[in-house]
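Worksheet: the structure to be examined is printed underneath.
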Amino acid sequence: MTLALNLLDAVLIVVLLAYLVAGFRRGFFRSFAALVGLLLGAVLAFWASPVVAAYVDTQWQIPTVLLTVLALLALGEYLGTVLGRALSELLEKSGVGLLDRLGGAVLNVVVAGLVMSLLGSLVGQMGLPGLSQQVASSQVLRGIERMTPDPVRHAMTQTRNAISGAQGIRQLDELLFPTQAAPDPKDTPDSQTVADAGQSVVQVYGTAAKCAQNQTGSGFVVQPGTVVTNAHVVAGVDQPVVETRDGRAYPARTVQYDAASDLAVLRVPDLPEAPLSMDGTVSQGEAVSFAGYPLGGPYTLRAATVQGQAVAPVQNVTTGETQTRSIIQIAGKVEQGNSGGPLLDADGHVVGVVFAKAVQDQVGYAIPVDRVREVLTAAGDSTESVATGECVVP
Numbered sequence: 177m178t179l180a181l182n183l184l185d186a187v188l189i190v191v192l193l194a195y196l197v198a199g200f201r202r203g204f205f206r207s208f209a210a211l212v213g214l215l216l217g218a219v220l221a222f223w224a225s226p227v228v229a230a231y232v233d234t235q236w237q238i239p240t241v242l243l244t245v246l247a248l249l250a251l252g253e254y255l256g257t258v259l260g261r262a263l264s265e266l267l268e269k270s271g272v273g274l275l276d277r278l279g280g281a282v283l284n285v286v287v288a289g290l291v292m293s294l295l296g297s298l299v300g301q302m303g304l305p306g307l308s309q310q311v312a313s314s315q316v317l318r319g320i321e322r323m324t325p326d327p328v329r330h331a332m333t334q335t336r337n338a339i340s341g342a343q344g345i346r347q348l349d350e351l352l353f354p355t356q357a358a359p360d361p362k363d364t365p366d367s368q369t370v371a372d373a374g375q376s377v378v379q380v381y382g383t384a385a386k387c388a389q390n391q392t393g394s395g396f397v398v399q400p401g402t403v404v405t406n407a408h409v410v411a412g413v414d415q416p417v418v419e420t421r422d423g424r425a426y427p428a429r430t431v432q433y434d435a436a437s438d439l440a441v442l443r444v445p446d447l448p449e450a451p452l453s454m455d456g457t458v459s460q461g462e463a464v465s466f467a468g469y470p471l472g473g474p475y476t477l478r479a480a481t482v483q484g485q486a487v488a489p490v491q492n493v494t495t496g497e498t499q500t501r502s503i504i505q506i507a508g509k510v511e512q513g514n515s516g517g518p519l520l521d522a523d524g525h526v527v528g529v530v531f532a533k534a535v536q537d538q539v540g541y542a543i544p545v546d547r548v549r550e551v552l553t554a555a556g557d558s559t560e561s562v563a564t565g566e567c568v569v570p
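In the numbering used here, the protein residues as written are 177 to 570.
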């Protein structure tokens with residue numbers, strides 16, 4: 177099996193080799209100081225990139241963002257090197273020699289790889305389709321992710337969300353039904369049809385330039401080339417991107433934006449994934465599951481239990497006005513990133529769209545599938561982009 181390396185992979189391989197050599201030459205302690213500066217440069221790069229992208233024409237966004245990232249990374253590393261040089265000169269007198277150099281090489285490659293992974297996920301979710309495609313299909317970034325231990329990966333996800341200012345999932349203060357024990361998040365539903373439905377669950381992301389923040393959530397295919405997600409996932413986003421489970425990224429257009437229902441319809445013309453059935457029904461006490469990309473990924477399927485369906489007051493995404501609508505309460509571990517993902521019955525049919533969680537843990541909320549059908553009808557066959565309201569700073 178041959179690996180299909182893209183242009184980004186070639187650049188990353190060269191960079192990793194360069195850091196390997198540089199780490200060997202510098203030694204462990206000097207490399208450590210330089211890499212601290214590199215990490216700080218990465219943080220600054222992502223804060224600055226959405227701001228820079230907002231002030232340049234579309235055709236110049238990708239090269240401008242790349243240059244901004246590279247310049248700030250180089251600046252951070254340079255400052256770290258300057259500060260580390262004094263420490264290095266003192267340590268060179270200790271005679272640690274080859275061991276220090278080998279330690280520097282290993283440290284440089286490991287940390288540089290983690291920085292690449294962090295930056296890849298940050299920049300890939302900025303909503304620049306060409307760049308997102310390169311990041312999504314990068315074999316080097318996938319390899320780094322596979323080799324990263326789960327605790328480190330989780331910490332990096334939290335770091336990414338903190339850096340990007342990723343908008344959190346909506347929270348409701350009042351429970352509609354008494355709480356009950358949620359299924360263990362590790363207990364995935366034992367149903368092939370539910371597992372197969374996951375192939376049509378996608379990640380949706382983009383940058384809300386006005387708020388200078390990344391926004392990421394989930395969605396699912398409802399018609400050929402059509403995805404449903406939450407309105408708050410794409411609020412203020414001009415160029416949403418849809419990414420499939422196997423890492424293919426596609427530019428999307430928001431053709432229906434219903435702030436009252438917190439639903440949005442996206443057109444993704446080249447998306448090949450099959451639509452999910454929306455013929456499911458739900459009843460109190462029923463075992464269900466919900467699929468999506470909690471904390472920005474990877475794809476996760478979790479079990480839940482329906483606690484009931486009732487009419488409740490919910491704020492309009494854009495205006496903040498309180499409106500009443502029917503929602504489903506579930507016992508399950510719903511997290512940021514699950515927004516817009518499908519709630520599925522035992523046959524893999526969609527019965528709702530996850531949109532919020534309770535302030536208390538292990539309780540989530542979904543929009544009934546009947547409302548999804550109404551929003552799809554309103555969208556019709558339109559392919560024109562519509563306004564997506566104002567982003568909300570968390």
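Yeah, the Cβ is synthetic: ideal placement off N, Cα and C, and Gly gets one too.
Helix, strand or coil for residue i, going by three-state DSSP, please let me know.
i: Gln-536; result: coil
i: Pro-544; result: strand
i: Ala-428; result: coil
i: Pro-239; result: helix
i: Val-464; result: strand
i: Leu-348; result: strand
i: Asp-434; result: strand
i: Arg-322; result: helix
i: Ala-443; result: Note that residue 443 is Arg in the sequence shown, not Ala. Strand at Arg-443.
i: Ser-502; result: strand
i: Gly-571; result: A question about residue 571 goes unanswered here, because the residues of the chain that appear run from 177 up to 570.
i: Ala-488; result: strand
i: Gln-356; result: coil
i: Ala-554; result: helix
i: Arg-277; result: helix
i: Thr-481; result: strand
i: Pro-518; result: strand
i: Thr-559; result: coil
i: Met-177; result: No answer about Met-177 holds up, because its pLDDT of 41 lies below 50 and its placement is not dependable.
i: Arg-289; result: Going by the sequence as given, residue 289 is Gly instead of Arg. DSSP places Gly-289 in helix when its eight states are reduced to three.
What's the C-alpha gap between residue i and residue j?
i: Gly-423; j: Met-292; result: 17 Å
i: Thr-178; j: Gly-401; result: Residue placement at Thr-178 cannot be trusted, given a pLDDT of 48 that sits under 50; the coordinates are not used to answer.
i: Ala-555; j: Val-562; result: 10 Å
i: Leu-243; j: Gly-456; result: 49 Å
i: Ile-543; j: Glu-419; result: 23 Å
i: Gly-374; j: Ala-450; result: 10 Å
i: Glu-350; j: Leu-249; result: 45 Å
i: Glu-321; j: Thr-476; result: 16 Å
i: Gly-289; j: Ala-194; result: 12 Å
i: Gly-565; j: Val-328; result: 36 Å
i: Leu-352; j: Ala-486; result: 7 Å
i: Val-545; j: Val-241; result: 39 Å
i: Asp-521; j: Val-458; result: 7 Å
i: Val-551; j: Phe-396; result: 14 Å
i: Phe-531; j: Gln-399; result: 20 Å
i: Ser-453; j: Val-370; result: 11 Å
i: Val-228; j: Glu-462; result: 49 Å
i: Val-490; j: Gly-517; result: 19 Å
If distances are taken between C-alpha atoms only, which option among the options comes closest to residue i?
i: Phe-222; options: Gly-524, Gly-296, Arg-478; result: Gly-296
i: Leu-255; options: Ala-209, Val-403, Ala-467, Arg-201; result: Ala-209
i: Ala-218; options: Ala-435, Val-232, Glu-253, Pro-470; result: Glu-253
i: Leu-211; options: Pro-226, Gly-280, Trp-236, Ala-463; result: Gly-280
i: Met-323; options: Gln-356, Phe-353, Val-287; result: Val-287
i: Leu-181; options: Val-311, Thr-240, Val-241, Leu-196; result: Val-311
i: Asn-514; options: Ala-411, Arg-346, Leu-447, Ser-453; result: Arg-346
i: Ser-207; options: Pro-359, Gln-356, Thr-553, Leu-283; result: Leu-283
i: Asn-390; options: Asp-276, Val-409, Gly-213, Leu-184; result: Val-409
i: Ala-425; options: Asp-326, Pro-448, Ala-440; result: Pro-448
i: Val-377; options: Val-404, Ala-488, Lys-386, Cys-387; result: Val-404
i: Val-539; options: Ala-358, Asp-233, Pro-474; result: Ala-358
i: Val-245; options: Pro-474, Val-232, Leu-214; result: Leu-214
i: Ser-394; options: Leu-348, Asp-326, Phe-466; result: Phe-466
i: Gly-199; options: Thr-553, Thr-257, Leu-183, Pro-325; result: Thr-257
Answer with yes or no whether the minimum CB distance from residue i to chain C is below 7 Å.
i: Ala-563; result: Structure shown: chain C not included; a single protein chain is present.
Exercise for the section: Mind listing, in chain order, the continuous beta strand (DSSP E) runs of no fewer than 3 residues lying wholly within the segment 367-407? Expected result: 377-384, 389-399, 402-405
Handout entry: Stretch-stretch touch, CB-based, cutoff 8 Å, three pairs: the segment 358-373 with the segment 382-393
Key = no
Practice task
Would you list, in sequence order, the uninterrupted alpha helix (DSSP H) runs of no fewer than 4 residues that lie entirely inside the segment 186-251?
Solution key: 204-230
Problem - Sufficient close CB pairs (3 or more, under 8 Å) joining the segment 412-430 to the segment 513-526 - result: no
Practice task
Evaluate the contact criterion for the segment 472-491 versus the segment 500-511: three or more CB pairs, one atom per stretch, below 8 Å.
Solution key: yes
Exercise for the section: Answer yes if the segment 181-193 comes into contact with the segment 313-320, meaning at least three C-beta pairs across the two stretches below 8 Å, and no otherwise. Expected result: yes
Exercise for the section: Indicate whether the contact test is met: 3 or more Cβ pairs, each with one atom in the segment 425-437 and one in the segment 455-475, closer than 8 Å. Expected result: no
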